[in-house]
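The structure appears below as structure tokens.
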Amino acid sequence: MNQDKNKALMALKTSKGQIEGIIKMAEDERYCVDISNQIIAAQALLKKANMLILKQHMHHCVKDAINKNNGEEKIDEIIDILSKITDK
159 MNQDKNKALM ALKTSKGQIE GIIKMAEDER YCVDISNQII AAQALLKKAN
209 MLILKQHMHH CVKDAINKNN GEEKIDEIID ILSKITDK
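Numbering of the sequence shown is given in this note's numbering, commencing with residue 159 and proceeding in unit increments.
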């Protein structure tokens with residue numbers, strides 16, 4: 159597994175732990191702003207993991223497809239993903 163995938167995996171595992179903590183905070187009826195801050199932190203980790211996965215995809219899958227002269231589909235996939243990230 160390459161370095162970016164390892165970093166993404168660690169971020170995902172950390173965010174999983176954070177989400178479990180957030181659920182416990184909500185069950186324990188902790189202060190809403192504290193819960194919200196933890197949700198924001200988990201979202202940031204998920205965003206980081208997603209960017210690392212996309213970076214790895216661009217450097218390997220997309221690059222390989224372009225080298226084999228069939229990269230249009232991979233480029234369209236990336237554009238579709240980016241539109242989902244920016245559509246808010």
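Just so it is clear, CB atoms sit at the ideal spot from N, CA and C, and this is done for glycine as well.
Put simply, of 239, 197 and 229 the residue whose alpha carbon is nearest the alpha carbon of residue 212 is 239. Around the Cβ of residue 202, a 10 Å sphere holds fewer than 16 other Cβ atoms; the residue is exposed. Residues of the same chain with a CB within less than 7 Å of the CB of residue 196, apart from the 5 flanking positions on each side, are 176, 179, 180 and 183 in chain order. Residue 186 carries a coil assignment under DSSP once its states are collapsed to helix, strand and coil. The beta carbon of residue 216 sits closer than 8 Å to those of 236, all from its chain and outside the five residues before and after it, given in chain order.
Cβ-Cβ distances below 6 Å link residue 214 to 162 and 163 in the same chain, with the five nearest sequence neighbours on each side left out; the list follows chain order.
Excluding five sequence positions before and after residue 223, the CB atoms of its chain that fall closer than 6 Å to its own CB belong to 229 and 232, given in chain order.
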